[in-house]
Amino acid sequence: MRRSNRAAAGAAAWQVVHEGVKPGKPSLWARASAIPRMLGARLRGRYTQLPASRLVLFVLATLYIVSPIDLVPELFIPIFGLADDAVIVTWLASGLMGETERFLEWERSGDDYIQGHVVG
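Each residue of the sequence shown is one higher than the one before, starting from 1 at the first, in full-length UniProt numbering.
And the structure:
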């Protein structure tokens, strides 16, 4: 991703993150550190509230952001070339904010039950 893309995407993500953390809600650090636990719990089948389709979209969005290939190259249409990356980063950041908040709530509730059996 070009430097200008990273700056625009970073600014969009910061806005989502800054507006998404409210008093009484998990901190940004708590949410970020929950991502590996959430993925691990999802892949082990313990945390079923994250649909596989949404997980795949998160992975694809991450790959798109780090990929040097853009859907809309900046060379031809500079404004839209920046906008596509910013939209993806904003969607990914807001989606992860919501998912990690639900996951942290699930962790606090101790809801490790799947079909009546404790998952250990």
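Glycine residues also receive a C-beta, built at the ideal position from the N, C-alpha and C atoms.
Quick caveat, the model's predicted, so the values are computed rather than measured.
Burial state of residue i, where buried means 16 or more other Cβ atoms lie within 10 Å
i: Val59; result: exposed
i: Leu96; result: buried
i: Leu92; result: buried
i: Pro26; result: buried
i: Val66; result: exposed
i: Val87; result: exposed
i: Ala32; result: exposed
i: Leu63; result: exposed
Residue i in three-state terms, based on DSSP
i: Ile69; result: coil
i: Gly110; result: coil
i: Glu105; result: helix
Own chain partners of residue i with C-beta closer than 7 Å, once the 5 adjacent residues on each side are dropped
i: Arg42; result: Leu50, Leu55
i: Ala30; result: Leu104
Proximal residues to residue i (C-beta, below 6 Å), its chain only, five neighbours per side dropped
i: Ala61; result: Ile88, Leu92
Close Cβ partners of residue i (< 8 Å) along its chain, the five nearest in sequence each way excluded
i: Tyr47; result: Met38, Ala41, Phe103, Trp106
- Message: Contact between the segment 101 to 109 and the segment 52 to 66 is defined here as three or more beta-carbon pairs at a separation below 8 Å; is this criterion met?
- Response: no
- Item | Secondary structure, alpha helix (DSSP H): runs of 4+ residues fully inside the segment 25 to 50 | 28 to 43
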